[in-house]
Every structure is written in structure tokens, then in C-alpha cells.
Amino acid sequence: MERIIKLTILVFLVLGICLGSDNGGDLEYLGSKKLLSKNPFKNDTVLKKFEEEIKRIKQEGSYQELLEKVKEMEQYIKTKYPEIQCRKSEYKWKKGGIGEIIIDGEEATDSNTSAKSLRWSGDKVIAGSGRMERAVSIARDSNGRLYAAFEEFHTTYNHYIIRIRVSSDNGDTWSNWYYIYSEDYDLLYPDIEVGEGWCDRLILSFYASDIKLLNLWTFDLDNPSNNCSWCIEARDPLGAGENIRPRIAMDYCDQWYVYIVWIEEDVSSGDDVYYSRLMFPCDCNATPSDPICIGEGVVNNVDISWGNYRLWVVYQVGWPGPVYLVKFNTMFGSPTGGYTSELLFSAYCLWPRIALSNHDNKACVLYTRAVDGDENNTNLGFARTEDSGENWEFRWFNDPNTNARLGDIYYMPYSSDGNNFHVAYWEDGYIKYMNTDDLYYWYNCSTVSDNSSNSDEDYVSVLANRENEGMVAWVYRYSSTDYDIHFDNNFAYPDLKVVDIWTNPSSPKEGESCYLYAKVKNIGDEVSPETKVKWYFEGEEISYDWVSSLNPGEEETYFDSYTFQVCGNGAFEACIESVGGEVNTDNNCRSEDLTVICTHPDLAVVDISVSPPSPKEGESCTICAKVKNIGDKISPSTKVKWYVNGASIGERDVPSLDPGQEETVCKTYTFSSCGNFTIKVCVESVSDEVNTDNNCRSEDLTVICTHPDL
3 MERIIKLTIL
13 VFLVLGICLG
23 SDNGGDLEYL
33 GSKKLLSKNP
43 FKNDTVLKKF
53 EEEIKRIKQE
63 GSYQELLEKV
73 KEMEQYIKTK
83 YPEIQCRKSE
93 YKWKKGGIGE
103 IIIDGEEATD
113 SNTSAKSLRW
123 SGDKVIAGSG
133 RMERAVSIAR
143 DSNGRLYAAF
153 EEFHTTYNHY
163 IIRIRVSSDN
173 GDTWSNWYYI
183 YSEDYDLLYP
193 DIEVGEGWCD
203 RLILSFYASD
213 IKLLNLWTFD
223 LDNPSNNCSW
233 CIEARDPLGA
243 GENIRPRIAM
253 DYCDQWYVYI
263 VWIEEDVSSG
273 DDVYYSRLMF
283 PCDCNATPSD
293 PICIGEGVVN
303 NVDISWGNYR
313 LWVVYQVGWP
323 GPVYLVKFNT
333 MFGSPTGGYT
343 SELLFSAYCL
353 WPRIALSNHD
363 NKACVLYTRA
373 VDGDENNTNL
383 GFARTEDSGE
393 NWEFRWFNDP
403 NTNARLGDIY
413 YMPYSSDGNN
423 FHVAYWEDGY
433 IKYMNTDDLY
443 YWYNCSTVSD
453 NSSNSDEDYV
463 SVLANRENEG
473 MVAWVYRYSS
483 TDYDIHFDNN
493 FAYPDLKVVD
503 IWTNPSSPKE
513 GESCYLYAKV
523 KNIGDEVSPE
533 TKVKWYFEGE
543 EISYDWVSSL
553 NPGEEETYFD
563 SYTFQVCGNG
573 AFEACIESVG
583 GEVNTDNNCR
593 SEDLTVICTH
603 PDLAVVDISV
613 SPPSPKEGES
623 CTICAKVKNI
633 GDKISPSTKV
643 KWYVNGASIG
653 ERDVPSLDPG
663 QEETVCKTYT
673 FSSCGNFTIK
683 VCVESVSDEV
693 NTDNNCRSED
703 LTVICTHPDL
């Protein structure tokens, strides 16, 4: 009834200005493109009769009669005055939005300990402070983080603020991310989207009450203090309404834009629909395009969607009333590229919502259908197209007496499936959810709220994770002064588990190459993205391997080669890095005891040779020693020393030797006398060498005596 009164007040405001004033609202004349200084309706006797009839119906007739008469008047104006269109906006975007941002990373007071494992099985809380929290909008980024924006009455400022909360565990816990406040105005009707392309941003729109200031903010997903903002006035100076209700969308290409539509109060033609777009929302020096009017009438609701290089807008005229569809001519919604407009529903419609497939030419429009114009007797209707609007099919979900309303529709933008549409709605006090397999047959109808007596009839928001999974948020009404934000989800989660680890050989040796293995399985019900598995020994990372994307139930074995440089008993562990959307990370690691066999170098002099084998007194000979590392660890370089009958005769260097490697080292020497001698060769011991008993070797040698031949 409040909206009915508001509609009639606006109608009479429009008529009063148009019919009773020489200086009525300036309208743009399309033929000459000049603003009319005089009211073109002033001397129209037919419109004067409309005014009299509307006044009479207001006093004596029904709302339905009033609605029909207003529509009849609108049709007359469009037919008689085709040159009249909604006015060109007088306002420009300005950098800097209204309000102050507070970065607030504290944990929310509400925790959902059961959110991990439950599927459509119990309300969970996003916000429940005992204050008024309402008008929720939800979004999700590619890392699985959930965002919820809503109005919250703040007792310090005595106004509604816009608060954002974030969850990194699919709603198990929520943290305050930031809020925006004004000490002078209520901040209302938030809408959010996540854009990931040139830069990763959270996009937020809302408006400030009283001054009707439309705001557009963008935030870095990892650092909300890095933000940009713009604002624009969103009303005619003589406007009296408050139904701005901005909605945003974005394309999902590398050169992505943000698109925004809103309702602007126009004293000459009712509440009109305006459109603007912003390119590169991470660039604070960018400016949204000048607003253009794309729809006129007594507009009450508007929505926008981008998909598969199409940008479409739907809006509702009257309460209830017909729904119009606007299709932009260019794939990125250029304001100068033009658009087409058509009547989509002529029935009694409320709250239209639109979603476009990003995979093909499908689209779906959801609306609340007021049966025979009775807004208290409603069901949900939808129109679907598979050829970008060349042909439409119209159906409804519920029996006409079901009393279902306030739906929201969502398409998962990165899906490879063009049928991936999801719907949430209010029905007889409960919040319900459905999705599609062919855009015509809706299935998996689930009741997602617990208490029918407290489910508010406003603000239902839905999003999806993949084809058959979704999340729904809504307002839960405890009392007239305490509204909370509740949600439920049916998300599929990836759950990566390290199910086994081992080495080959099972007891590797220090300094010896071996293979590390880890068997990883996705025990969840969602495809897991690519990640890493890392191996540790005694808490220190020693190696890693890339883990490919795994389907639910799929397992793979990953390995890498490694050489232990330490030995002994220790904890051998493999851990897989958690992925976006993964809730259970308790099984991401597995540890086993491992023994690394200690190894040592073992240098031995394995042979001594003399050339010639029986040298003569006074003649030079060569004494060679063969040194071998018979251990299982590389030996560092050292020295070999020669002795004759215990007296040192020299030394040579021996290089580093691998296990099993040998080196022959030689020295020349001249015996000055003849007889029997003991030749001894020793290799100096090296660090970590345990056995030194074999570091020396001795051989007996006979040196032949020589005599003069007289």
C-alpha cells in the first residue's frame, strides 16, 4: 500500500507539473534537439480529462482502476507526442564517493561451526549484531572467497552504513572487511560484483539518501584500502521519490567494463532508467561515461546483465506493470552505440531480474507475477530465449495461488555450460532455490531457510559455484528493529588429501639420489585447481612437484628426485597447498618416519707399484700408489705421502673421489744404496672418515747393487 500511495503521489506530481504550470519540467525535443521552454501538454484537453479521472479514481476507485487509467494516459502521451523522451541527465560523474571507508578486519561475532559439512541443512549467519541489517548482495572470487554487502544501522552515526564481510572458508566464518559510513546520510541498496581481468577488484554500488547521490566504488581484492570511487546526483531537482536502486554488471573479458543502471526521478516523465559504464575500474583516473536515459515511465525496478558479448537491461513500469527489455547494439555497451527497446511482458509484473549465458545465446528473465494485478496473489514467471531474443518462451514456476515472489537469478559467468542458471525466491515464508539443466526444466527445488515466520519478504540474493551448486542469502527478521543476514549453501568443495608417501629406496643413503613419492586424491565433490605438493624432512622443505587439476574421486602419484645430505631418523612429510574453496585442510599433510642411512668416505691405498720393479742403485725409479674410495660418500681432496724405511720421501695431492672411484698417484725416487727396503704409502684421512686402518700400505722392495767392471 505504501508503494501504491507513492505511485499516485508521483503521478499527480507529474501531472501537476505537466498540466498546471507554464514552466513545467524541460523536455528534450528530438526533432530539433532543443529544450522546450514551454510545457507542450498545457493546452491538451484530453490530458486534462485524464487528470480529472485519475483524481476521481483516487477518491472512489480501486488501485487496479488507477493503474489502468495511468497506463492509458501513458499510451496516449507516447502516441500523441512521439517526440517526447526522457530527459538528458543534467549531472556528471565526480571522482570521490560520499562517505568514509573504514578498513575493519576484525572477526565477525557470528560463527557457523556447522557450515563446512552441511548442504541446504540449516540457516547460517553472515551478520547478526542485534541491529538492523538488510538489503544483502553476495559475490564470489576465483579463489573461493565469499563477499556479502548489506545495509547496517550504526548506532554511532545514527545512519545506515554499507558493510562488507568476507569468508575464505565457504561461510564457516566471516570477517569484517570494511564499511563505508556517512555522518549525514543513510547509505542504501548495495550491489556488488567481482571482476578479475586487468586487475582484480570488488565493485560496489549504492546510493545516499536525501541527497540521492549514486556511488560507485572499486576495491583491490587483496587490499581494500586500495580503492577508487565516483559519485553522481541521481534525481531531478524537483523529484520527490527515493527509488534509485542501482544495479551493476560487468563483462568477463580482458578489457572488461563495469556497467551500472539506476532509476532517476524525472518530474516530466516519472522515474526513468539511466545507464553508464566505467572502463578499467582499477584506474582511479578513469571516469564513468555520461549517463544516458534508456527507459521511461513510472519505473520501479531495474536489472542488468552481460554475457557472451551482450548487454541487456530489464525494467518494470508501474506497480505492478509491464517489463521492458533494452538490448545494447554493441557487445561492450557503448553509450553512443545505440540500443533497442521492446515490451517483454505486458502482464502485471514485479521485481524483474535478468541473467545472460556467457557460453551461448541463452538468456532468462525472472519476475514476480501478480495474478490478475493482485500483488498479494503472486507466483514466479520467467521468459527464456536460446537465440538472443529472436524467440521467447514464457512459463511460471508455481501455482497461481502459491504466493511466491522476490526472486533472484544468477548465471555462473565462467561456466562452460550454457544452462548454468540458478534461481532463489521467497515462497509462503520460506526461501527456496532451483537450478536448470536446459533452461526450460528447473529442478532441485530446495527449501533453504528454517523459519517461515521470520523470512523477510525483501532482499533475496543468489550466486552459484558450478552447475548444480549454489548459495542463497536473505534477510531474517527477528523483530521490527532487528533484521539479520542469513544464508545457506550447497557448494561443492574440493578436498585434497595426501593418502600415501614413500621413498625409493625405502631407506635412502646419505648423499645418494633417491625418489620421493606422494599420492594425492581429491576426496571432495568439486574439481580442484592446479596446486603444489611439497616434501619436508625434519620440518625443512626439500623438494616439490606440481599437482594437476583433479576431478572428484581422482588420485595421482607425484614424485621428484632428491639427494639427502643428512642422515639419521627423522619425520618425512608431504603437504599439498590448499586450493580456493577448500574447507577441510586437516588432511593436506601426511607424515611418516624415515631412516636415512649415514654414509662415510673410506680411502684405501689398494696397490703400490715400482717401475722398474727391481730398480738399481743410483738409478731413478717411479713409485706409484693406487688410492680408492671404498666408502659410500664422496671424499674431499687430500694428500698421499711416501716413506722408505720410515723416512718421508715426498707427497702428492689426491683429488675428491666419488664412492668406488680410484686415483693413481706417482713419485720419482733414486735409491742411493742397494739392498732390501720397505716402501710405505699413506693417504691422509679426511673428515667424516670412520675407517682409517686401510689408509696405509707397505711393500718390500729389493734394490740391485751395482759394481764397477774392472
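Here the sequence shown stands for residues 3 to 712, where the numbers follow our numbering. Each residue gets a CB set at the ideal place from its N, CA and C atoms; glycine is no exception.
Tell me the DSSP secondary structure of residue i in three-state form.
i      : result
PHE313 : One point to set straight first is that residue 313 is Leu, not Phe, in the sequence displayed. LEU313: strand per DSSP, three-state reduction.
PHE52  : helix
GLU298 : coil
LYS364 : coil
MET333 : coil
TYR78  : helix
VAL581 : coil
ILE681 : strand
LYS635 : coil
ARG58  : helix
VAL646 : strand
ASP713 : The displayed coordinates of the chain run from 3 to 712. Any statement about residue 713 would go beyond what the structure contains.
LYS94  : coil
ASP193 : strand
THR559 : strand
GLU102 : strand
THR387 : strand
THR672 : strand
ASP125 : coil
VAL425 : strand
ASP376 : coil
GLU713 : Summary: the structure shown does not reach residue 713, with the chain confined to residues 3 through 712, and so no result is reported for it.
THR47  : helix
GLU619 : coil
GLU575 : strand
GLU135 : strand
GLU67  : helix
ARG699 : strand
VAL263 : strand
Below 6 Å CB to CB, which residues in the same chain sit around residue i once its five sequence neighbours on both sides are set aside?
i      : result
GLU579 : THR533, LYS534
SER613 : THR624
THR449 : TYR432, LYS434
ALA520 : VAL500, ILE503, VAL535, TYR560, ALA576
PHE574 : PHE539, GLU594, LEU596
GLU645 : Residue 645 is actually Tyr in this sequence, not Glu. These residues qualify, in order along the chain: LYS682.
VAL608 : LYS628, LYS630
MET75  : PHE52
VAL315 : VAL263, ILE306, VAL328
CYS286 : CYS230
Leaving out the 5 sequence neighbours to the left and right, which residues in its chain are closer than 7 Å to residue i when beta-carbon positions are compared?
i      : result
ASN571 : ASP595, THR597
GLU701 : ILE610, ILE681
VAL568 : GLU512, VAL598
TYR671 : CYS623, ILE625, ILE651
PHE282 : TRP200, ALA288
ILE105 : TYR180, PRO226, SER227
If contacts are defined as beta-carbon pairs under 8 Å, then residue i and residue j qualify, I think. What distance do you get, rounded to the angstrom?
i      : j      : result
GLY99  : TRP219 : 6 Å
CYS230 : LEU216 : The pair is not a contact, with the Cβ atoms about 15 Å apart (cut-off 8 Å).
ALA357 : ILE411 : 5 Å
PRO507 : VAL529 : Going by Cβ atoms, the distance from PRO507 to VAL529 rounds to 35 Å, so no, they are not a contact pair.
ARG165 : ASN145 : Not a contact, Cβ separation roughly 21 Å.
ARG147 : SER170 : 5 Å
ASP777 : ASN363 : One cannot answer for residue 777 here, as it falls past the ends of the chain, which runs 3 to 712.
GLU557 : VAL522 : 6 Å
ASN331 : GLY323 : Incorrect: roughly 26 Å between the Cβ atoms, too far for contact.
CYS351 : PHE423 : With a Cβ gap of about 19 Å, CYS351 and PHE423 do not count as contacting.
Inset, instruction - Would you check if there are 3 or more beta carbon pairs closer than 8 Å linking the stretch 538-549 to the stretch 502-517? - result: With a cut-off of 8 Å, the stretch 502-517 and the stretch 538-549 do not count as touching, because too few Cβ pairs lie within range.
Inset, instruction - Report yes or no: do the stretch 472-481 and the stretch 546-565 share at least 3 C-beta pairs separated by less than 8 Å? - result: No, the stretch 472-481 is not in contact with the stretch 546-565.
Legend entry - Given 8 Å, three or more beta-carbon pairs between the stretch 690-704 and the stretch 648-655: Verdict: no, contact absent.
Inset, instruction - Determine contact between the stretch 669-688 and the stretch 634-644, defined as no fewer than three beta-carbon pairs at a distance below 8 Å. - result: With a cut-off of 8 Å, the stretch 634-644 and the stretch 669-688 count as touching, because enough Cβ pairs lie within range.
Legend entry - Whole runs of the beta strand (DSSP E) within the stretch 486-542, excluding any shorter than 3 residues: The stretch 486-542 contains, as complete beta strand (DSSP E) runs of 3+ residues, the segments 498-506, 515-524, 533-539 (chain order).
Inset, instruction - Could you tell me whether the stretch 660-678 touches the stretch 623-636, where touching means 3 or more Cβ pairs closer than 8 Å? - result: In short, these stretches touch, since the Cβ pair count reaches three.
Inset, instruction - State whether the stretch 274-283 contacts the stretch 298-307, with contact taken as three or more CB pairs (one from each stretch) at a distance under 8 Å. - result: With the rule of 3 Cβ pairs closer than 8 Å, the stretch 274-283 counts as touching the stretch 298-307.
Inset, instruction - Would you check if the stretch 156-172 and the stretch 180-191 touch, i.e. whether three or more CB-CB distances between them fall below 8 Å? - result: By the criterion of at least three beta-carbon pairs nearer than 8 Å, the stretch 180-191 is in contact with the stretch 156-172.
Inset, instruction - Could I get the ranges of all uninterrupted beta strand (DSSP E) runs contained in the stretch 147-214, with 3 residues as the minimum, in chain order? - result: 148-156, 161-169, 175-183, 189-198, 202-210, all fully within the stretch 147-214.
Inset, instruction - Determine contact between the stretch 365-381 and the stretch 335-345, defined as no fewer than three beta-carbon pairs at a distance below 8 Å. - result: No, the stretch 365-381 is not in contact with the stretch 335-345.
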